[in-house]
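Below: the structure, in structure tokens.
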Amino acid sequence: MLDVDFILARKSFILEIHEQFPKGITGIFGPSGSGKSSLLQTIAGLETPEKGHITIDKEVLYDSNNRLNVAVNKRQIGYVFQEGRLFPHMTVEQNLKYGYSHSHQNGVTLQAVVDLLELNDLLDQKPLHISGGERQRVALGRSLLSSPRILLLDEPFSAVDVNLRNQIIPFITRIVEHLTIPILVVSHDLPDLLKLTNRLFLLKDGKCLGHGDYYDLLKLDSFTGMISSSVLINAIEVVIKDVSKESGMVLLSHENNDENMIKCALRPSLNAVGKAVKVFIHADHIALSVKPLEQVSIQNQLKGTVVEMIPRGEKILCVVDVGFKLVADITSDSRTRLNIQKGREIWCLFKSVAIEVNV
Amino acid sequence: MTGILNFNEAEIQAILLSIKVAVLCAVILLPIALWLGYKMARYDFYGKPLIESLIHLPLVMPPVATGYVLLVLLGSNSAFGAWFYDVFGIKLAFSFNAAVIASMVVSFPLIVRSVRIAMEMVDTGLEDASRILGAGRMKTFFRITVPLAMPGIISGTILAFARALGEFGATITFAGNIQGETQTLPLAIFANMQIPGKEAATMRLVVVSVVIAFIAMVLSEWYIKKMKHARR
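Chains as they are written, first to last, in this note's numbering: chain A, 127 to 485; chain B, -15 to 216.
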């Protein structure tokens, strides 16, 4: 558990944080200049707050009352910078080993990290000769080998293009499976964060707007005002239940709820029954219907109950519980025509090809 | 032309002495310049502009004036010079030590400036990354800052070596022109120029000066190129 409670004065804003971050990934989301990077830098000891305290598992890193400020190199924190910050005069292997000898071992070996992050072919290379995505993987591996008690990732995707982002995200997911430590990921890109976690910490102008589950945070005007329709997505953790090569379809179930299974088009990454994956459906790719439709090509028709109606300008975000929460973006006109209201039974319709998968 | 390589004892002494003074000067200045260059590149402190001006003063002062100031401050009649002789039994002025000190003072701004600029070019973000990975200030300095600033450090050291090799004004004022003890190459060239019939000897020493300086420059260029290549 990471306990953060401090005030840091900056020229343009005052960063004021009073939060606890549990094990697992928390996505730090907010617009540019909201204090996201300053938060990570303060936890790492690169910035010194005016007052407050920072503790990891009850070990104090900073305490203004007792004038305690543990040096950066003694904090045992993993930090992956936006641009990787690999040492250019060392090989990938030397970079990986740099923090290794200093730390108390956490059971993570060089070979395990090389295997996990698929770095074997890069070991003898210099950072200048590898791609942006590879550099971020090496930076991740280097942090893991320094036996971190928490892991801080500062915009780890922004230096790489969209295709490479999707290559890095599974590696971060793999790390979570191996390490039970708090991981804070900073990003101004909501879909990227949701691919990693549904637990978000919202930051704007140095203040926390909310901290919790994505679907709960959607109730906040301040949050929905921060994001555009195009990035409003549903992020659902599912398990592959059935793969049918004849029909070319895959059945996905959330928490063994076999009633409302998602049908998705077969693709190479979805071929193993029992495998856990995360799927994404854009809010504006979901249509609502008051009754199931027959003779229509739409494969997914999930029955649920409207649990929340969140007005958002001319549109309305409709949160439907179908065994898991789905958010759909509808117009006021649709709401009036279909008489959609809280508690109403409704069908969520979306095409199987509208589903994105993160493996 | 047959006599061009016919060095007499005094000339050989001058050549060896020059190399010894220049090498000692560069070797002693290097750690000081690393420390001071790093402090000047990374920290802001009270009185920094004053320190900066003091460091650069020998660059703009006439070397003879520098030599005179050294004589006033460290000569046998000065308080410090007398105390130093009483305690250590070492005479500072008009000795081999004086030749080294004079060279060090005039070379100092050149090496500090090179090192400082090279260290300013090193991304402090890499130093932060090193510290976060558990490395202390010393390890970060020697494994990140120094290797990345190495081309500038080498250039600065060579510059200090070459400046010491060519030092004349401060040396002749503070160390004198004592054959075998303080008579370095420039001083020997000057002494030979004053005597008619010593044109060949003068030319020999000039050629040697050029060759030594040239070798030093070539070696530094080669090493910097090699290092840049290794970084790729």
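Even glycine gets a Cβ: it sits at the ideal position worked out from N, Cα and C.
To the nearest angstrom, how far is it from the Cα of A/L141 to the Cα of A/I133? Here residue 141 of chain A refers to the residue found at position 15 of the first sequence. Here residue 133 of chain A refers to the residue found at position 7 of the first sequence. Each residue's Cα considered, the two are about 6 Å apart.
Between which two residues does the alpha helix (DSSP H) harbouring B/M88 extend? To locate residue 88 of chain B, count along the second sequence from 1; it is residue 104. From DSSP, the alpha helix (DSSP H) with B/M88 extends over F80 to M105.
Reducing DSSP to helix, strand and coil, say where B/A66 ends up. What you label residue 66 of chain B is simply residue 82 of the second sequence in a count that begins at 1. For B/A66, the three-state secondary structure derived from DSSP is helix.
Can you list the residues of chain A that B/G136 reaches, using a CB-CB cut of under 7 Å? For the purposes of this step, residue 136 of chain B is identified with residue 152 of the second sequence, where counting begins at 1. The contacting residues do not exist; B/G136 stays about 14 Å from chain A at best.
I'd like to know if A/S272 contacts chain B, where contact means its C-beta is closer than 8 Å to some C-beta of that chain. Counted from its first residue, the first sequence places residue 272 of chain A at position 146. Output row for A/S272: interface = yes.
Examine chain B for any beta-carbon lying closer than 8 Å to the beta-carbon of A/N199, and answer yes or no. Start at 1 with the first residue of the first sequence, and residue 199 of chain A comes out as number 73. Yes, A/N199 counts as interfacial toward chain B.
Is the stretch 75 to 85 of chain B in contact with the stretch 113 to 126 of chain B, if contact means three or more CB pairs nearer than 8 Å? The stretch 75 to 85 of chain B is not in contact with the stretch 113 to 126 of chain B.
List the whole-angstrom C-beta distance separating B/I35 from B/I138, where the pair is believed to meet the contact cut-off of C-beta under 8 Å. Taking the second sequence and counting its residues from 1, the one referred to as residue 35 of chain B is at position 51. Taking the second sequence and counting its residues from 1, the one referred to as residue 138 of chain B is at position 154. With a Cβ gap of about 24 Å, B/I35 and B/I138 do not count as contacting.
List the endpoints of the continuous beta strand (DSSP E) containing A/Q146. As a working mapping, residue 146 of chain A is identified with position 20 in the first sequence. According to the DSSP assignment, A/Q146 belongs to the beta strand (DSSP E) that extends over I140 to F147.
Please classify A/G225 as buried or exposed, where buried requires at least 16 other C-beta atoms within 10 Å of its C-beta. Taking the first residue of the first sequence as 1, we reach residue 225 of chain A at position 99. By the 16-neighbour rule on beta-carbons within 10 angstroms, A/G225 is buried.
Taking B/R115 as the query, report the chain A residues whose CB atoms sit under 7 Å from its CB, ordered along the chain. For the purposes of this step, residue 115 of chain B is identified with residue 131 of the second sequence, where counting begins at 1. What B/R115 touches in chain A: V198 and N199.
With distances taken between CB atoms, is the gap from A/S222 to A/L236 smaller than 8 Å? Locating residue 222 of chain A in the first sequence gives position 96, where the first residue counts as 1. Locating residue 236 of chain A in the first sequence gives position 110, where the first residue counts as 1. The identity of residue 222 of chain A in the sequence shown is Leu, whereas the question assumes Ser. Inclusion of A/L222 and A/L236 in the CB contact set at 8 Å is warranted, their separation being smaller than that value.
Looking at B/M211 and B/M134, is the spacing between their C-beta atoms short of 8 Å? Position 150 of the second sequence, counted from the first residue, corresponds to residue 134 of chain B. Position 227 of the second sequence, counted from the first residue, corresponds to residue 211 of chain B. Between B/M134 and B/M211, the CB-CB gap stays under 8 Å.
Going along the chain, which unbroken runs of the alpha helix (DSSP H) with 4 or more residues stay wholly within the stretch 342 to 415 of chain A? Annotation note: the stretch 342 to 415 of chain A contains the following uninterrupted alpha helix (DSSP H) runs of length 4 or greater, listed N- to C-terminal: 347 to 350.
Identify the contact partners of B/P112 in chain A, using a Cβ-Cβ distance below 9 Å as the criterion. One-based indexing of the second sequence puts residue 112 of chain B at position 128. The sequence given here has Asp at residue 112 of chain B, not Pro. Going along chain A in sequence order, the residues near B/D112 (Cβ under 9 Å) are Q167, A170, L172, V198, Y205, F207 and R211.
If you reduce the DSSP assignment to three classes, tell me which class B/A6 lands in. Reading the second sequence from its first residue, position 22 is the one you call residue 6 of chain B. Helix at B/A6.
Taking DSSP as the reference, what is the three-state secondary structure of B/A205? Counting from one through the second sequence, the residue named residue 205 of chain B turns up at place 221. The sequence as given places Glu at residue 205 of chain B; Ala does not occur at that position. It is helical.
Cα-Cα, which of A/G153, A/I143 and A/T152 is closest to A/L71? No information on residue 71 of chain A is available, as it lies outside the stretch 127 to 485 that chain A covers here.
Report yes or no: is there a C-beta of chain A within less than 8 Å of the C-beta of B/T(-14)? As a working mapping, residue -14 of chain B is identified with position 2 in the second sequence. Interpretation of B/T(-14) is limited by its pLDDT of 47, a score under 50 that renders its predicted location unreliable; the figure taken from the coordinates is listed afterwards. Chain A, which has no Cβ nearer than 8 Å to the Cβ of B/T(-14), makes this no.
Going by CA-CA distance only, name the one from B/T129, B/F92 and B/L54 that's closest to B/A17. Indexing the second sequence from 1 puts residue 17 of chain B at position 33. When only C-alpha atoms are compared, the closest one is B/F92.
In the DSSP assignment, what residue or residues form a beta bridge with A/N484? Taking the first sequence and counting its residues from 1, the one referred to as residue 484 of chain A is at position 358. The secondary-structure analysis by DSSP pairs A/N484 across a beta bridge with A/K404.
Mind checking if B/L132 is an interface residue toward chain A, Cβ cutoff 8 Å exclusive? In the second sequence, the residue the question calls residue 132 of chain B occupies position 148. Residue contact check for B/L132 against chain A: a CB pair falls below 8 Å.
Does the Cβ-Cβ distance between B/A(-2) and B/L149 come in under 8 Å? Here residue -2 of chain B refers to the residue found at position 14 when the second sequence is read from its first residue. Here residue 149 of chain B refers to the residue found at position 165 when the second sequence is read from its first residue. Taking C-beta atoms as the reference points, B/A(-2) and B/L149 fail to come closer than 8 Å.
Check whether the Cβ of A/Y188 lies closer than 8 Å to any Cβ atom in chain B. Here residue 188 of chain A is taken as the residue at index 62 of the first sequence, counted from 1. The beta carbon of A/Y188 does not come within 8 Å of any beta carbon belonging to chain B, so the residue lies off that interface.
Alpha carbons only, please: which of A/Q202, A/I180 and A/K184 is nearest the one belonging to A/R193? On the first sequence, residue 193 of chain A is found 67 positions in, with the first residue counted as 1. Minimum Cα distance to A/R193 is reached at A/I180.
What's the C-alpha gap between A/V218 and B/A102? Counting from 1 along the first sequence, the entry for residue 218 of chain A is found at position 92. Counting from 1 along the second sequence, the entry for residue 102 of chain B is found at position 118. A/V218 and B/A102 have their C-alpha atoms spaced approximately 24 Å apart.
For B/P170 and B/T186, what's the separation of their Cα atoms in angstroms? For the purposes of this step, residue 170 of chain B is identified with residue 186 of the second sequence, where counting begins at 1. For the purposes of this step, residue 186 of chain B is identified with residue 202 of the second sequence, where counting begins at 1. Between the C-alpha atoms of B/P170 and B/T186 there is a straight-line separation of about 10 Å.
Can you give me the C-alpha to C-alpha distance between A/Q251 and A/I298, rounded to a whole angstrom? Numbered from 1 along the first sequence, position 125 holds the residue referred to as residue 251 of chain A. Numbered from 1 along the first sequence, position 172 holds the residue referred to as residue 298 of chain A. Computed Cα separation, rounded: 22 Å.
For A/L103, which residues from the same chain have a beta carbon less than 8 Å from its beta carbon, with the 5 sequence-adjacent residues on both sides left out? Within the shown structure, residues of chain A are numbered from 127 to 485, placing residue 103 of chain A beyond reach of any answer.
If you draw a straight line from the C-alpha of A/F349 to the C-alpha of B/L20, how long is it? Taking the first residue of the first sequence as position 1, residue 349 of chain A is located at position 223. Taking the first residue of the second sequence as position 1, residue 20 of chain B is located at position 36. A/F349 and B/L20: Cα-Cα distance of roughly 50 Å.
State the start and end residues of the unbroken beta strand (DSSP E) segment that holds A/N426. If you number the first sequence from 1, residue 426 of chain A lands on position 300. A/N426: member of the beta strand (DSSP E) spanning N426 to R438, first to last residue.
Hey, is B/I156's beta-carbon within less than 8 Å of any beta-carbon in chain A? Along the second sequence, one-based indexing puts residue 156 of chain B at 172. Taking CB atoms only, B/I156 has no neighbour in chain A less than 8 Å away.
Within 10 Å of its beta-carbon, does B/V90 have 16 or more other beta-carbons around it, so buried, or fewer, so exposed? As a first step, residue 90 of chain B must be located in the second sequence, where it is residue number 106. Buried, since its Cβ has 16 or more Cβ neighbours within 10 Å.
Can you check which of these residues, B/P47, B/R100, B/T50 and B/I74, is closest to B/S60 by C-alpha distance? Within the second sequence, numbered from 1, the residue matching residue 60 of chain B stands at position 76. Ranking the options by Cα distance to B/S60, first place goes to B/I74.
Just the chain E side, please: which residues come within less than 8 Å of B/A119 by C-beta, in chain order? Considering every chain present, this structure includes no chain E. Its protein chains are A and B.
Shorter than 7 Å, the distance from the beta carbon of A/P437 to the closest heavy atom of the ligand HEM, or not? The ligand HEM is not among the ligands present in this structure, which contains no ligands whatsoever.
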